[in-house]
Amino acid sequence: MQVEPFAFNPFMTNCYLCHDQGEAVLIDASCDTDAECAEVMRVIDEQDLKMRHLLLTHAHVDHILGCQFFEDQFGQRFKAHEAAVPFIERADEQATAFGVEVDPPSVPTTHLGAGDTISFGDVTL
Numbered sequence: 507m508q509v510e511p512f513a514f515n516p517f518m519t520n521c522y523l524c525h526d527q528g529e530a531v532l533i534d535a536s537c538d539t540d541a542e543c544a545e546v547m548r549v550i551d552e553q554d555l556k557m558r559h560l561l562l563t564h565a566h567v568d569h570i571l572g573c574q575f576f577e578d579q580f581g582q583r584f585k586a587h588e589a590a591v592p593f594i595e596r597a598d599e600q601a602t603a604f605g606v607e608v609d610p611p612s613v614p615t616t617h618l619g620a621g622d623t624i625s626f627g628d629v630t631l
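Residues in the sequence shown are numbered from 507 upward in steps of one, following the numbering used here.
This is the structure in structure tokens:
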């Protein structure tokens with residue numbers, strides 16, 4: 507497995523593109539600008555990666571700034587713990603409190619919890 511780390515947005519929040527055998531997982535789409543989102547897409551395109559999963563570790567605003575871009579790009583929703591839902595539903599309030607703008611992602615319909623696994627390539631997490 508290869509891990510491509512990025513640090514995005516005014517908070518320098520980490521975003522990770524993990525990939526193996528041509529399949530990828532994006533964790534915490536923290537990119538705030540078109541240029542930051544394009545940086546992730548460049549790696550995806552250069553490596554010819556198929557996006558298997560979009561994941562959130564949690565839904566504080568600095569972790570979700572780029573979620574809608576990638577949901578639109580890959581036609582899938584982010585997966586997150588069910589406790590993330592209220593934060594996503596109030597993403598605009600979070601953004602205002604921190605002086606940033608956010609295009610809130612869709613509310614996750616797949617919730618992750620203890621014991622769940624995510625597979626891509628030959629990797630199972």
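Don't be surprised by glycine CBs; every beta carbon is placed ideally from N, CA and C.
* Asked: Can the beta-carbon of residue 611 be found closer than 9 Å to that of residue 550?
  -> no
* To do: Assign residue 590 to one of two classes, buried (16 or more other C-beta atoms within 10 Å of its C-beta) or exposed (fewer than that).
  => buried
* To do: Give the range of the alpha helix (DSSP H) segment to which residue 539 is assigned.
  => Looking at the DSSP string, residue 539 is not in any alpha helix (DSSP H), and its letter there is neither H nor E.
* Limits of the beta strand (DSSP E) - the one that residue 577 falls within -> Run containing residue 577: none in the beta strand (DSSP E); it sits in the alpha helix (DSSP H), 573-580.
* Could you check what DSSP says for residue 584 in three-state terms: helix, strand or coil? => coil
* Kindly indicate which residue of 565, 608, 572 has the alpha-carbon position closest to the one of residue 588. => 565
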